[in-house]
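Take a look at the structure set out below.
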Amino acid sequence: MSLVLEPETPPLWEDETGAIRVGNSRVLLETVIRAFQDGASPESIVHRYSTLSLSDVYNTIAYYLRHQDAVEAYLSQREQLADSVRQRLSNIQPDLSYIRSRLLSQQNP
Numbered sequence: 001m002s003l004v005l006e007p008e009t010p011p012l013w014e015d016e017t018g019a020i021r022v023g024n025s026r027v028l029l030e031t032v033i034r035a036f037q038d039g040a041s042p043e044s045i046v047h048r049y050s051t052l053s054l055s056d057v058y059n060t061i062a063y064y065l066r067h068q069d070a071v072e073a074y075l076s077q078r079e080q081l082a083d084s085v086r087q088r089l090s091n092i093q094p095d096l097s098y099i100r101s102r103l104l105s106q107q108n109p
C-alpha cells in the first residue's frame, strides 16, 4: 500500500469585507496567528475558539510559517485598517468625560 500525497489547500477564505477567516468559522486569521505568536498551542487555540477544528489551526499555522512575509504584510494592513476605524470612531463620538463629570457632580451635591 502506498501513501497518496495530495496538495493541501489552506483552510482560509475571504469574507465580504476582505477579512480572511479560518476553516468553516468566522474566526479571523489574525486571531489565530497572534495567539500562536503569543505562545498558544494549536490545542489551546481550538479550546478558546470552539468553532475551529484542530486540523484547520495546524494547517493555518503551517501556512503562516511557509508564507510569513505575506501573512505579516496582511496582518500589518489589518492593523492599519483597525487604527483607521478607531480614529474615525473617536472623531464622531463626543467627548464623554464632560458628560460623566456632570453626572457625577449631580450625584454628589
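Residues in the sequence shown are numbered consecutively from 1, following the numbering used here. Where is the CB? At the ideal position from N, CA and C, for every residue including glycine. None of the values given here were measured: they were computed from a predicted structure.
Going by DSSP, what residue range makes up the beta strand (DSSP E) through V22?
The residue you call residue 22 lines up with position 22 of the sequence shown. Unbroken beta strand (DSSP E) run through V22: 20 to 22.
Residues near E14 by beta carbon distance below 6 Å, same chain, minus five either side
For the purposes of this step, residue 14 is taken as residue 14 along the sequence shown, with counting starting at 1. Closer than 6 Å at the Cβ level, and outside the excluded window around E14, lie I20.
Counting C-beta neighbours from all protein chains within 10 Å, is the total for D95 16 or more, i.e. buried, or is it exposed?
Position 95 of the sequence shown holds residue 95. Looking at its Cβ environment, which holds fewer than 16 other Cβ atoms inside 10 Å, D95 is exposed.
Distance CB(V22)-CB(P42) smaller than 8 Å:
Here residue 22 corresponds to residue number 22 of the sequence shown, with the count starting at 1. Here residue 42 corresponds to residue number 42 of the sequence shown, with the count starting at 1. Result no, Cβ atoms of V22 and P42 do not sit closer than 8 Å.
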